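Numbering (the numbering used here), first residue to last: 3 to 262.
This report refers to the structure that appears directly beneath it.
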Ligand code: COA
């Protein structure tokens, strides 16, 4: 699709989705939010896809935020709808039944950090800067930034990043728990794709069980979440992959997981 704001490519069972608006540092306008939502729906529905990597066309930015030019003229009602549009897409990413890794190759600011935070894992180049600079525009984060940052990094960090609006470097972001792993820019793609390939070879229904437990557990009491974990634990015993995994261990060989 010549006008698509995304590039989509499959590397075996790993789908690579790239936000591609390099002249706007991959800023998220409404069309890009919708394209991402559709791309994640498609990745969820496609059984040949077992893991997803999300990035932006480099080298400067992962995603430099929501599209400020598009936002500048919105009415309050349109702004609420734009926020909801982004939030729905990001919730769709967060609730994906297969793992999603954000490969952060440059600025992840505002909506860019929000997009990275709804992914399940984040790997960043050591040169990147991440932050919630909306305050500098007289705005607040609107794609879940105040809430996901609170849950990922805690109250002190979310208040520091959102109130001061200053981006932090990759090392500090890792220290705050926002980024899982920091590597050199030269190693970023290979490291990320290797992790994605490892996840793509894992038992898909067990991966899904873990993702469901974390998503559901984040919303309810420990008692309810532990109940839910036990139910999911029982459910994986219905899979061929669980038999294969345990048998392969006992036979001292590598398991071959098939997704059923
Ligand atoms: N929305 C819309 N356009 C954006 C954008 C955004 N969030 N971020 C960058 N762009 C555009 C710029 O307007 C510029 O377009 P132009 O060439 O048509 O003028 C282009 O991308 C390149 O950006 P530029 O600012 O010239 O690059 P830089 O290297 O000088 O600065 C940043 C890079 C990331 C520091 C700077 O672009 C920036 O601060 N962006 C906004 C970050 C932000 O506030 N995000 C939260 C939004 S709610």
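In this text, a Cβ means the ideal position worked out from N, Cα and C, and glycines have one as well.
Given the structure is predicted, the values throughout are model-derived calculations rather than measurements.
Roughly how many whole angstroms lie between the Cα atoms of residue i and residue j?
i           : j           : result
residue 19  : residue 33  : 15 Å
residue 193 : residue 138 : 34 Å
residue 249 : residue 239 : 13 Å
residue 78  : residue 43  : 29 Å
residue 256 : residue 189 : 27 Å
residue 196 : residue 113 : 26 Å
residue 252 : residue 51  : 29 Å
residue 206 : residue 98  : 12 Å
residue 237 : residue 208 : 9 Å
residue 130 : residue 109 : 6 Å
residue 218 : residue 21  : 28 Å
residue 243 : residue 216 : 21 Å
residue 95  : residue 111 : 18 Å
residue 260 : residue 49  : 10 Å
residue 8   : residue 148 : 26 Å
residue 59  : residue 221 : 34 Å
residue 75  : residue 203 : 46 Å
residue 151 : residue 119 : 7 Å
residue 280 : residue 231 : Residue numbering for the chain in the displayed model covers 3 to 262; residue 280 lies beyond these limits and cannot be assessed.
residue 233 : residue 186 : 41 Å
residue 235 : residue 156 : 29 Å
residue 81  : residue 73  : 7 Å
residue 67  : residue 24  : 12 Å
residue 212 : residue 247 : 16 Å
For the beta strand (DSSP E) containing residue i, list its first residue and its last residue.
i           : result
residue 111 : 109–111
residue 183 : 183–185
For residue i, which residues of its own chain have a beta-carbon under 8 Å away from its beta-carbon, when the five flanking residues on both sides are left out?
i           : result
residue 85  : 144, 145
residue 210 : 99, 100
residue 142 : 136, 148, 164
residue 153 : 220
residue 169 : 109, 111, 131, 132, 133, 135
residue 12  : 18, 50, 51
Whose C-beta lies closer than 6 Å to the C-beta of residue i among residues of the same chain, with five residues either side of it excluded?
i           : result
residue 117 : 65
residue 198 : 16, 53, 55, 103
residue 159 : 178
residue 126 : 106, 172, 181, 184
residue 175 : 132, 181
residue 227 : 219
For the alpha helix (DSSP H) containing residue i, name the first residue and the last one.
i           : result
residue 14  : Unbroken run through residue 14: none, as it is neither H nor E.
residue 255 : Segment: none, residue 255 is in no alpha helix (DSSP H) and carries neither H nor E.
residue 231 : 224–238
residue 212 : 206–219
residue 98  : That residue, residue 98, is in no alpha helix (DSSP H); it is neither H nor E in DSSP.
residue 194 : 190–202
residue 163 : Where residue 163 is concerned, there is no enclosing alpha helix (DSSP H), given that its DSSP letter is neither H nor E.
residue 172 : 172–177
So within the segment 24–79, which uninterrupted beta strand (DSSP E) runs reach at least 3 residues, ignoring any that extend past its ends? Qualifying beta strand (DSSP E) stretches, in chain order: 53–58, 63–65.
Is the segment 33–43 in contact with the segment 90–106, if contact means three or more CB pairs nearer than 8 Å? By the criterion of at least three beta-carbon pairs nearer than 8 Å, the segment 33–43 is in contact with the segment 90–106.
Are the segment 162–175 and the segment 126–135 touching, with three or more C-beta to C-beta distances below 8 Å? Here the segment 162–175 makes contact with the segment 126–135; the two share three or more CB pairs at distances below 8 Å.
Restricting to runs no shorter than 3 residues, where is the beta strand (DSSP E) found entirely within the segment 107–153? Counting whole runs of 3 or more residues, the segment 107–153 contains the beta strand (DSSP E) stretches 109–111, 123–127, 131–133.
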